[in-house]
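A.B. asks: This is the structure I want to talk about, given as structure tokens.
2 protein chains.
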Amino acid sequence: MNVGFIGLGIMGSRMARNILRAGHSLSVWNRTGSKCDPLVAAGAIRAASPREAAAGRDVVISIVTDSPDVEAVLLGPAGAVEGARPGTVFADMSTIAPDAARSIGERLAARGIVFLDAPVSGGDVGAERGTLTIMVGGDAEAFEQARPVLSAMGTPTRVGPAGAGQTVKACNQILGALNLLGVCEAVALARRAGIDGPAMLGVVSRGAATSWALQNLGPRILAGDFEPGFRIRDIQKDLAIVLDAARRLSLPLAGTALVAQLFRSNEAHGEGDRGTQALFRSIERLAGPAAGP
Amino acid sequence: MNVGFIGLGIMGSRMARNILRAGHSLSVWNRTGSKCDPLVAAGAIRAASPREAAAGRDVVISIVTDSPDVEAVLLGPAGAVEGARPGTVFADMSTIAPDAARSIGERLAARGIVFLDAPVSGGDVGAERGTLTIMVGGDAEAFEQARPVLSAMGTPTRVGPAGAGQTVKACNQILGALNLLGVCEAVALARRAGIDGPAMLGVVSRGAATSWALQNLGPRILAGDFEPGFRIRDIQKDLAIVLDAARRLSLPLAGTALVAQLFRSNEAHGEGDRGTQALFRSIERLAGPAAGP
Chain C
37 MNVGFIGLGI MGSRMARNIL RAGHSLSVWN RTGSKCDPLV AAGAIRAASP
87 REAAAGRDVV ISIVTDSPDV EAVLLGPAGA VEGARPGTVF ADMSTIAPDA
137 ARSIGERLAA RGIVFLDAPV SGGDVGAERG TLTIMVGGDA EAFEQARPVL
187 SAMGTPTRVG PAGAGQTVKA CNQILGALNL LGVCEAVALA RRAGIDGPAM
237 LGVVSRGAAT SWALQNLGPR ILAGDFEPGF RIRDIQKDLA IVLDAARRLS
287 LPLAGTALVA QLFRSNEAHG EGDRGTQALF RSIERLAGPA AGP
Chain W
37 MNVGFIGLGI MGSRMARNIL RAGHSLSVWN RTGSKCDPLV AAGAIRAASP
87 REAAAGRDVV ISIVTDSPDV EAVLLGPAGA VEGARPGTVF ADMSTIAPDA
137 ARSIGERLAA RGIVFLDAPV SGGDVGAERG TLTIMVGGDA EAFEQARPVL
187 SAMGTPTRVG PAGAGQTVKA CNQILGALNL LGVCEAVALA RRAGIDGPAM
237 LGVVSRGAAT SWALQNLGPR ILAGDFEPGF RIRDIQKDLA IVLDAARRLS
287 LPLAGTALVA QLFRSNEAHG EGDRGTQALF RSIERLAGPA AGP
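So the sequences go chain by chain: C and W. Per our numbering, residue 37 is the first one in the first sequence, and the count goes up by one each step. Per our numbering, residue 37 is the first one in the second sequence, and the count goes up by one each step.
See below:
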């Protein structure tokens, strides 16, 4: 298929490469143009604007930071909607608010473009390997139209109408945040009680207490490895979306709110660029020096 | 080996049977004597007191409710310590406070008995199948001595000195509680936003948001199935132990405390005998009727 791709960050550059590898024709645009170079060297067409990236394409993928960025590249001056022919499917893979996704979809529909919200989970490793989980909201027929392109990047699942992909991504981030808080509090208790961390992790990882976070982030916390995987400033952006969506729905989420506040403490201590597992540092600071039993 | 077994509740009766099946000689005692009948029919020796259950035994297992029960059956009148010969290993598989386990161990040591704290996770299904996770604190040599008996009930791992088994069990319960809170808040958001629950669970269960709780309790919550597996009143007993241990260590555990308060709301609504997944009911009551987006 003819595919346009907008946004070549850590995730986008890897995802675009998998689309090329799957044999699709690909035009690429990025705000910092030099990020296009490796993909152009691999066979992609350089576009001078989102408009140009969308011209003559069947499917246009975008993955940028937040709602205003999505609006700018799709609906702003020289935006993708200006170049696309009617009937083109736009799939935005950024994590943005469900309401924003619905609003963007409505404005695009008025211009003859079909919009899918299609956020991902799986991180840079999933992007690299083409094993992302892709949560798609929007029209079922448009989903089938975009499926060959989405499948080049991971496993797409349609979870409901417009906005549903973003809502499921929000659920995903709630789970990730609270699973991680559990890991941090368990490690904190073990450490304060003088228990061998790896022995504790080894035993509890095999039973009903287990989670991806425990198995993957637990060992990094024990090793004092707070390098990102997924950055605190990025999960905070996502949790702000979750809590705002919950506010609009009059839904209290006490646990998620607590984790967001603890991550805010990380930010206050200059740890926004650490990996999410640095949540443990906030727990440690709350704990202070051990008073001893 | 010659084994004594004290406490034939939901867990103990199944665990004792697996010891019999493994070919050990077994004497059994339970406060309500009739609970011994099926095991006696299967070849166990009926004991008239904990003292009698421990007489002439190499290993004595106890699994009762809380610290006072453990103290009563091991150290009280006609307690196991009165019947046991010096060098016998006592393994208590109840979930009690780490400090209580250490204290009981010291009092038994003064009488020539070696004590292991050996709480379990895996529930009635794990007890039935002999697949419990067994977290053992105490002397390494005593652990080797008890291992053939413990192995008949599941997978025993020594995690450290006296009390360490109970501390690791506390870590296990922290993780289970916070993983479950994540599931409840994610399902609440999906439901309030009108998203199909099974579709959401299916997608997020495959990625970095996954946990045992999500995969096993998520579907029950969606189905409105709040039958126990593990009862709210039992996890509340365990979380009280966790929070008390943390208090003694001057360790704030904001997330665990939040879940305990939400379970208290369940208890206030007469749901103590529901399964832990009924935590979702507390989240729902917090949420109230949907105001709509």
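No residue lacks a Cβ here, since even glycine has one placed at the ideal position from N, Cα and C.
Along chain C, in chain order, which residues have C-beta atoms closer than 7 angstroms to that of R242 (chain W)?
C.D. replies: Numbered from its first residue, the second sequence carries residue 242 (chain W) at position 206. The contacting residues are T169.
A.B. asks: Distance, Cα to Cα, I81 (chain C) vs S241 (chain W)?
C.D. replies: Against the first sequence, residue 81 (chain C) aligns to sequence position 45. Against the second sequence, residue 241 (chain W) aligns to sequence position 205. Computed Cα separation, rounded: 37 angstroms.
A.B. asks: What do you reckon, are the CB atoms on A90 (chain C) and A120 (chain C) nearer than 8 angstroms?
C.D. replies: In the first sequence, the residue the question calls residue 90 (chain C) occupies position 54. In the first sequence, the residue the question calls residue 120 (chain C) occupies position 84. Contact flag set, yes.
A.B. asks: Taking just the CA atoms, how far does I55 (chain W) sit from N38 (chain W)?
C.D. replies: Here residue 38 (chain W) refers to the residue found at position 2 when the second sequence is read from its first residue. Here residue 55 (chain W) refers to the residue found at position 19 when the second sequence is read from its first residue. For N38 (chain W) and I55 (chain W), the distance between alpha carbons rounds to 10 angstroms.
A.B. asks: Do S318 (chain C) and N302 (chain C) have their C-beta atoms within less than 8 angstroms of each other?
C.D. replies: To locate residue 318 (chain C), count along the first sequence from 1; it is residue 282. To locate residue 302 (chain C), count along the first sequence from 1; it is residue 266. A contact, by the Cβ cut-off of 8 angstroms.
A.B. asks: For I132 (chain C) versus S103 (chain C), is the C-beta distance shorter than 8 angstroms?
C.D. replies: Reading the first sequence from its first residue, position 96 is the one you call residue 132 (chain C). Reading the first sequence from its first residue, position 67 is the one you call residue 103 (chain C). Taking 8 angstroms as the Cβ cut-off, I132 (chain C) and S103 (chain C) qualify as a contacting pair.
A.B. asks: Mind checking which residues open and close the alpha helix (DSSP H) that includes R227 (chain W)?
C.D. replies: Here residue 227 (chain W) is taken as the residue at index 191 of the second sequence, counted from 1. Residues A200 to R228.
A.B. asks: Quick check on DSSP: helix, strand or coil for M51 (chain C)?
C.D. replies: Along the first sequence, one-based indexing puts residue 51 (chain C) at 15. Of the three classes helix, strand and coil, the one that applies to M51 (chain C) here is helix, per DSSP.
A.B. asks: Give the DSSP bridge partners of G190 (chain W), in chain order.
C.D. replies: One-based indexing of the second sequence puts residue 190 (chain W) at position 154. DSSP lists W:L168 as partners of G190 (chain W).
A.B. asks: What would DSSP say about V109 (chain W), mapped onto helix, strand or coil?
C.D. replies: Position 73 of the second sequence, counting from 1, holds the residue named residue 109 (chain W). Helix at V109 (chain W).
A.B. asks: If you drop the 5 nearest sequence neighbours on each side, which residues of the same chain put their C-beta closer than 6 angstroms to that of P134 (chain W)?
C.D. replies: Residue numbering aside, residue 134 (chain W) sits at position 98 when the second sequence is read from its first letter. Answer for P134 (chain W): G199, Q202, T203 and A281, listed in chain order.
A.B. asks: How is the alpha helix (DSSP H) around F299 (chain C) delimited, first residue to last?
C.D. replies: Taking the first sequence and counting its residues from 1, one reaches residue 299 (chain C) at position 263. F299 (chain C) -> alpha helix (DSSP H) spans A290 to A304.
A.B. asks: Consider the Cβ of V64 (chain W): report whether some Cβ of chain C lies at a distance smaller than 8 angstroms.
C.D. replies: For the purposes of this step, residue 64 (chain W) is taken as the residue at position 28 of the second sequence. Not closer than 8 angstroms to any Cβ of chain C, the Cβ of V64 (chain W) fails to qualify, so no.
A.B. asks: Which whole-angstrom value describes the C-beta separation of I42 (chain W) and P86 (chain W), a residue pair presumed to lie in contact below a C-beta threshold of 8 angstroms?
C.D. replies: Taking the second sequence and counting its residues from 1, one reaches residue 42 (chain W) at position 6. Taking the second sequence and counting its residues from 1, one reaches residue 86 (chain W) at position 50. So it is a contact: roughly 5 angstroms between Cβ atoms.
A.B. asks: Measuring only the C-alpha atoms, how far is P264 (chain C) from L214 (chain C)?
C.D. replies: By one-based count along the first sequence, residue 264 (chain C) stands at place 228. By one-based count along the first sequence, residue 214 (chain C) stands at place 178. Rounded to the nearest angstrom, the two C-alpha atoms are 18 angstroms apart.
A.B. asks: In terms of residues, what are the limits of the alpha helix (DSSP H) holding S61 (chain W)?
C.D. replies: The residue you call residue 61 (chain W) lines up with position 25 of the second sequence. Per DSSP, S61 (chain W) belongs to no alpha helix (DSSP H); it is in the beta strand (DSSP E), S61 to W65.
A.B. asks: Measuring only between beta-carbons, confirm whether V100 (chain W) sits less than 8 angstroms from chain C.
C.D. replies: Residue 100 (chain W) sits at position 64 when you count from the first residue of the second sequence. Judged by the 8 angstroms Cβ criterion, V100 (chain W) is not in contact with chain C.
A.B. asks: If you draw a straight line from the C-alpha of A178 (chain W) to the C-alpha of A154 (chain W), how long is it?
C.D. replies: What you label residue 178 (chain W) is simply residue 142 of the second sequence in a count that begins at 1. What you label residue 154 (chain W) is simply residue 118 of the second sequence in a count that begins at 1. Roughly 12 angstroms separates the two Cα atoms.
A.B. asks: Using a Cβ-Cβ distance under 8 angstroms, would P255 (chain C) count as near chain W?
C.D. replies: Position 219 of the first sequence, counting from 1, holds the residue named residue 255 (chain C). Chain W, which has no Cβ nearer than 8 angstroms to the Cβ of P255 (chain C), makes this no.
A.B. asks: Suppose contacts are defined by Cβ-Cβ distances below 8 angstroms. Is G166 (chain C) in contact with A137 (chain C) by that definition?
C.D. replies: As a first step, residue 166 (chain C) is located in the first sequence; it is residue number 130 there, counting from the start. As a first step, residue 137 (chain C) is located in the first sequence; it is residue number 101 there, counting from the start. No.
A.B. asks: In three-state DSSP terms, what is F266 (chain W)?
C.D. replies: Counting from 1 along the second sequence, the entry for residue 266 (chain W) is found at position 230. DSSP places F266 (chain W) in coil when its eight states are reduced to three.
A.B. asks: Using the Cα positions of D75 (chain C) and V64 (chain C), report the straight-line distance between them to the nearest angstrom.
C.D. replies: Locating residue 75 (chain C) in the first sequence gives position 39, where the first residue counts as 1. Locating residue 64 (chain C) in the first sequence gives position 28, where the first residue counts as 1. Before going on, a small fix: residue 75 (chain C) reads as Leu here, not Asp. So the two alpha carbons sit approximately 8 angstroms from each other.
A.B. asks: Looking at A290 (chain C): is its Cβ nearer than 8 angstroms to the Cβ of L294 (chain W)?
C.D. replies: Position 254 of the first sequence, counted from the first residue, corresponds to residue 290 (chain C). Position 258 of the second sequence, counted from the first residue, corresponds to residue 294 (chain W). Taking 8 angstroms as the Cβ cut-off, A290 (chain C) and L294 (chain W) qualify as a contacting pair.
A.B. asks: Looking at C-alpha atoms only, which residue of W:K71, W:A235, W:R93 and W:D261 is the closest neighbour of T312 (chain W)?
C.D. replies: In the second sequence, residue 312 (chain W) corresponds to position 276, counting from 1. The shortest Cα separation from T312 (chain W) among W:K71, W:A235, W:R93 and W:D261 belongs to W:D261.
A.B. asks: In the DSSP assignment, the alpha helix (DSSP H) including I140 (chain C) goes from what residue to what residue?
C.D. replies: Position 104 of the first sequence, counted from the first residue, corresponds to residue 140 (chain C). Where I140 (chain C) is concerned, the enclosing alpha helix (DSSP H) stretches over P134 to A145.
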